[in-house]
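Residue numbers (this note's numbering): 431 to 722.
Put into structure tokens, the structure is as follows:
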């Protein structure tokens with residue numbers, strides 16, 4: 431019920447960033463916020479994990495190995511995977527990573543469960559993980575100037591979260607699913623300044639935030655700021671900012687090939703925002719302006 435009230439109360443605040451911050455605080459709950467601040471004040475545990483990735487997925491089995499291996503190569507230590515009723519080979523693909531301790535697998539059924547999964551992840555790992563990146567299986571974090579994501583994050587110790595822009599990749603005209611990984615198969619992307627690339631995903635210090643605001647932004651605690659990828663405190667909503675991809679970016683393979691897009695339509699979305707995506711989504715995201 432408090433989440434409904436949060437939307438009602440926050441809805442009357444005209445300034446978007448202020449509105450979102452209050453939405454996050456109210457969703458979390460004022461009493462819970464006071465208790466959490468007290469807990470953080472007295473808990474000085476050194477995090478066991480430096481950088482983890484949290485994701486909720488549904489029937490993404492064929493894509494997991496490439497996605498996990500890429501992020502391991504970029505300095506990720508751990509993955510918190512919330513499985514939203516997958517019926518494919520997801521758990522079999524993840525089995526070696528689960529056995530080695532690299533993946534923490536959580537069965538997470540239900541409809542519209544993305545934010546609930548993110549809230550659960552923050553609650554579970556607020557004190558044992560230094561940074562948590564909240565991304566999807568069609569998103570790959572790519573440092574452009576640093577040797578790894580942790581090397582990039584060393585400059586952001588004073589911030590609650592870092593917001594990283596997309597670079598949207600299109601199908602490159604591929605109709606069918608071809609052999610190979612996503613990053614090997616798709617090389618055409620949008621113009622960097624395209625409006626869709628204003629979207630961000632966040633890498634979060636869980637001790638300095640209450641929770642996520644949607645899948646993009648985070649509700650920070652008072653006294654802390656969120657940063658853009660250039661290290662500047664954020665004063666405007668991401669939809670109002672010019673995309674930054676020169677220091678770090680997220681390669682967003684939103685559609686893959688046309689056949690893969692249709693396949694994803696059939697299996698539904700873990701976010702639950704829509705059971706299927708309208709076909710004009712493919713047109714909007716099939717951006718092939720530049721070939722790398």
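Glycine is no exception: its CB is placed at the ideal position from the N, C-alpha and C atoms.
Remember, predicted model here, so these are calculated numbers, not experimental data.
{"query": "Residue burial classification, residue 472 (beta-carbon count within 10 angstroms, cutoff 16)", "result": "exposed"}
{"query": "4-residue-minimum alpha helix (DSSP H) runs that sit fully inside the segment 592-622, ordered along the chain", "result": "612-615"}
{"query": "Member of 505, 646, 556 whose CA lies at the smallest distance from the CA of residue 532", "result": "505"}
{"query": "Between the CA atoms of residue 672 and residue 715 - distance to the nearest angstrom", "result": "18 angstroms"}
{"query": "Minimum length 4: unbroken alpha helix (DSSP H) runs contained in the segment 623-707", "result": "688-697"}
{"query": "For residue 534, the first and last residue of its enclosing beta strand (DSSP E)", "result": "533-537"}
{"query": "Of the residues 484, 695, 647, the one placed nearest residue 561, counting alpha carbons only", "result": "484"}
{"query": "Closest Cα partner of residue 637 within the set 559, 563, 460", "result": "559"}
{"query": "Counted within 10 angstroms of its Cβ, other Cβ atoms place residue 703 as buried (16 or more) or exposed", "result": "Unreliable placement is indicated for residue 703, whose pLDDT of 48 sits below 50; the coordinate value is still reported in the next sentence. Per the 10 Å Cβ criterion, exposed."}
{"query": "Beta-carbon separation (whole angstroms), residue 679 vs residue 574, contact threshold 8 angstroms", "result": "6 angstroms"}
{"query": "Inter-residue spacing [alpha-carbon to alpha-carbon] between residue 652 and residue 478", "result": "25 angstroms"}
{"query": "Sufficient close CB pairs (3 or more, under 8 angstroms) joining the segment 658-672 to the segment 601-611", "result": "no"}
{"query": "Closest residue to residue 481 among 470, 632, 621, 467 (Cα-Cα distance)", "result": "632"}
{"query": "Start-to-end residues for the beta strand (DSSP E) that takes in residue 714", "result": "Not the beta strand (DSSP E): residue 714 falls in the alpha helix (DSSP H), residues 710-715."}
{"query": "For residue 495 and residue 523, believed in contact at Cβ under 8 angstroms, the rounded distance", "result": "6 angstroms"}
{"query": "The alpha helix (DSSP H) enclosing residue 560, as first and last residue numbers", "result": "Careful: residue 560 lies outside any alpha helix (DSSP H), inside the beta strand (DSSP E) at 559-564."}
{"query": "Residue 551 versus residue 591: straight-line alpha-carbon distance, rounded", "result": "15 angstroms"}
{"query": "C-beta atoms of residue 658 and residue 587 nearer than 7 angstroms", "result": "no"}
{"query": "Contacts around residue 724, its chain only, beta-carbon distance under 6 angstroms, and the 5 residues preceding and following it disregarded", "result": "In the structure displayed, the chain extends from 431 to 722; residue 724 sits before or after that span and is not available."}
{"query": "Alpha-carbon spacing of residue 457 relative to residue 712, whole angstroms", "result": "33 angstroms"}
{"query": "DSSP-derived helix/strand/coil call for residue 461", "result": "helix"}
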